[in-house]
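Mind the numbering: the first sequence is residues 15 to 480 in the working numbering, read in order. Glycine included, C-beta positions come from ideal geometry on N, C-alpha and C. Just so we're clear, the structure is a prediction, and the values are computed from it rather than from any experiment. Notes follow once the structure below has been shown.
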Amino acid sequence: MAFCIHNTLTRAVEELHPAEAGHVRMYTCGPTVYNFAHIGNFRAYLFEDLLRRHLKFRGFRVTQVMNLTDVDDKTIRSSREQGLPLKEFTKKYIEAFFADLKTLRVEPAEQYPAATDHVPEMITLIQTLLDKGVAYKSDDGSIYFSIAKFPAYGKLAHLDLSGLRSGARVAQDEYEKESAADFALWKAWDEQDGDVAWDAPWGRGRPGWHIECSAMGMKYLGPSFDLHTGGVDNIFPHHEDEIAQSEAATGQPFVKYWMHCAHLVVDGKKMSKSLGNFFTLRDLLGKGYSGREIRYELLATHYRQSLNFTFESLDAARAALSRLDEFGDRLRLIAGGAPAGASLPAWAQQALDAFTAALDDDLNISAALAALFDMITAGNRAMNEQALAAAGAAAVLGLLQRFDGVLGVLQPEQQQADGEAQALLGQRQAARQAKNWPESDRIRDELKQRGWVIQDTPQGPKLKKL
RNA sequence: GGCGCGGUAGCCAAGUGGUAAGGCAGAGGUCUGCAAAACCUCCAUCAUCGGUUCGACUCCGAUCCGCGCCUCCA
């Protein structure tokens, strides 16, 4: 079975066939670096990470580009409010973004181009559109794309232009446009922009938002590439506009497959600061959750399904992970140092097949996780029955590692017990050997207060982080 | 008004024209000095109402409810 994905362009699940066999070129819309990213943003980046990891699991080479939008209304406004040069202002949030990705165990993309480093490419692209007559200059010096010149406009969002309502959200400052739906390729400089400006043949200003993704996508992936992803809210207008300006410029299909992930809601409601349900990654880390736990929670719901984030499900994620960890620990004990060359037990092979088939089906993560948990049940049973030899355990560990290449959640955080806890554990063992149960239980309670749970195993007692 | 998504057990969440995966929580049991962990067992008729069908939760229609997009929000 081949890897199938849902293509927004066709609204159908299709087999993925990259232009170059075995090599997928994908562009993933990145952050606007004017603030710390919130968990809704990370939901999208984690979806893309899962996509990337599954592609590699299936043997594809992946070239992924993620842009950093470091010039737009928000970055300019906020940097001016703080009295910082734009670059200096965005640097802080770019660094935070990468730190957060690391916390969430997101594999780095091949390229992270910043918009401000690619203005010349954008100017070239805009010039091409002007030369072809699909863009025009307005009275104030801004450049707009004329959607009337691009008949296919609306094919991604499946929008009928005549249905576009020029309603309340069309800003008044856009009176220069010929048509309400035309979008800015270039914004002429005005006072609000301060010293943020570049010189173009048609005048001073800064690029519009959409043009950066077209220019940078084509620079790093070619005029026509395989995959482009983002949040559903990017379908229109952002991605629709990317298609228009790119295809109008090159005459080639811009992207073959578009994938979009649904939004995250918190307690069934959209995140908003006024509701008090707005969380950045840092907020959750501050509440004691780990990046791994948050990753699991954000990953465990199918990407086209809106994800309802709750602390209850975050706690459920924590519990599920500890069961996964436990399974790995048991396997390691049995495997010892056995080489992983042995063939898989039937139940593990079954899990591998089900796991692969699930993710091949448009990244059906729920079914993939079910395959993993089914394997854990079967494996635990085998171990309870002493039916798993060292070589088999080593083979299953190897499989677990392959699964984790896709999931990125199976490697536990370091949790080395401190010396005092270790000493208490030793004292309890002594008490147990003396069959001094009251003392033994007292020490167990004390360890619990310090955040450690004891598990007595055939191989001796273990400490687990509470 | 237009386009689109969803309503499945206490919570989260897959799935399918033939009588509902998985996770968390809960109950009982095995194991254990007692626990912990693990394992076993139990726990839903799929928003409502019609229709199609031998048979629908799965297809069609209607209704109710929630949500997203409709110019720069992942």
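{"Item": "Just to confirm, is the Cβ distance from Asp209 to Ile161 under 8 Å?", "Value": "no"}
{"Item": "Give the straight-line distance between the Cα atoms of Arg306 and Phe369, rounded to the nearest whole angstrom.", "Value": "20 Å"}
{"Item": "Per DSSP, which residues does Met80 bridge with? Please list them.", "Value": "Thr42"}
{"Item": "Per DSSP, which one or two residues make a beta bridge with Asp240?", "Value": "BP columns for Asp240 are empty, so no partner."}
{"Item": "Going by the beta-carbon positions, is the gap between Val120 and Phe74 smaller than 8 Å?", "Value": "no"}
{"Item": "Between which two residues does the alpha helix (DSSP H) carrying Asn55 extend?", "Value": "Ile53 to Phe71"}
{"Item": "Grouping DSSP H, G and I as helix and E and B as strand, with all else coil, what is Ala128?", "Value": "strand"}
{"Item": "Work out the CA separation of Ala384 and Leu421 for me, nearest whole Å.", "Value": "13 Å"}
{"Item": "Should the region 344–359 be regarded as contacting the region 315–322, the criterion being three or more beta carbon pairs within less than 8 Å?", "Value": "no"}
{"Item": "Give the secondary structure of Pro134 by DSSP, where H, G and I count as helix, E and B as strand, and everything else as coil.", "Value": "helix"}
{"Item": "Relative to the C-alpha of Gly36, which residue among Leu143, Ile457, Pro134 and Leu69 is closest?", "Value": "Leu69"}
{"Item": "In the DSSP assignment, find the beta strand (DSSP E) that holds Gln469 and state where it starts and stops.", "Value": "Trp466 to Thr471"}
{"Item": "Flag this pair as yes or no: are the beta carbons of Ile379 and Leu30 separated by less than 8 Å?", "Value": "no"}
{"Item": "Tell me which same chain residues have a C-beta within less than 8 Å of the C-beta of Leu235, skipping the five on either side of it?", "Value": "Arg39, Met40, Tyr41, Thr77 and Val79"}
{"Item": "According to DSSP, is Thr324 part of a helix, a strand, or is it coil?", "Value": "coil"}
{"Item": "Please tell me whether Pro267 and Ser238 are closer than 8 Å, where the distance is taken between their beta carbons.", "Value": "yes"}
{"Item": "Using only the alpha-carbon positions, how far apart do Ala171 and Ala16 sit?", "Value": "27 Å"}
{"Item": "Could you give the residue range of the beta strand (DSSP E) that holds Arg218?", "Value": "Gly217 to Pro221"}
{"Item": "On the CB-based measure, 16 or more other CB atoms within 10 Å of its CB, does Asn398 come out buried or exposed?", "Value": "exposed"}
{"Item": "Use the C-beta contact count for Glu62: other C-beta atoms within 10 angstroms, 16 or more gives buried, fewer gives exposed.", "Value": "buried"}
{"Item": "Can you tell me the Cα-Cα spacing of Ala113 and Thr138, whole angstroms?", "Value": "33 Å"}
{"Item": "Pick helix, strand or coil for Asn21, following the three-state DSSP scheme.", "Value": "strand"}
{"Item": "I'd like the list of long-range same chain contacts for Leu115, defined as Cβ closer than 6 Å, with 5 residues on each side in sequence excluded.", "Value": "none"}
{"Item": "At 3 residues or longer, and completely inside the region 226–278: list those beta strand (DSSP E) runs for me, N to C.", "Value": "239–245 and 269–275"}
{"Item": "Using 10 angstroms around the beta-carbon of Leu477, count the other beta-carbons present and answer buried if the total reaches 16, otherwise exposed.", "Value": "buried"}
{"Item": "Going by beta carbon distance, what residues of the same chain come within less than 7 Å of Ala349, once the five residues before and after it are set aside?", "Value": "Ala404, Ala407, Ala408 and Leu411"}
{"Item": "Taking the alpha-carbon positions, what's the Asp3 to Arg442 distance?", "Value": "Summary: the structure shown does not reach residue 3, with the chain confined to residues 15 through 480, and so no result is reported for it."}
{"Item": "Could you check whether Leu199 and Phe250 sit closer than 8 Å to each other, using their CB atoms as the reference points?", "Value": "no"}
{"Item": "Short of 7 Å in beta carbon distance, which residues of its chain neighbour Ala185, apart from the five on each side in sequence? Order them along the chain.", "Value": "Residue confidence for Ala185 is low, a pLDDT of 42 falling below 50, so the modelled location carries little weight; the figure read from the coordinates is stated next. Excluding sequence neighbours, Ala185 sits near nothing in its chain."}
{"Item": "If you reduce the DSSP assignment to three classes, tell me which class Lys116 lands in.", "Value": "helix"}
{"Item": "Use the C-beta contact count for Ser228: other C-beta atoms within 10 angstroms, 16 or more gives buried, fewer gives exposed.", "Value": "buried"}
{"Item": "With Ile308 and Leu424 assumed to form a contact (beta carbons below 8 Å), what rounded beta-carbon distance in angstroms separates them?", "Value": "Contact doesn't hold; Cβ gap of about 15 Å is too wide."}
{"Item": "What does DSSP give as the partner residue(s) for Leu477 in the beta ladder?", "Value": "Ile468"}
{"Item": "Let me check understanding here. Comparing Cα to Cα, which of Asp87, Asp84 and Tyr59 lies closest to Ala123?", "Value": "Tyr59"}
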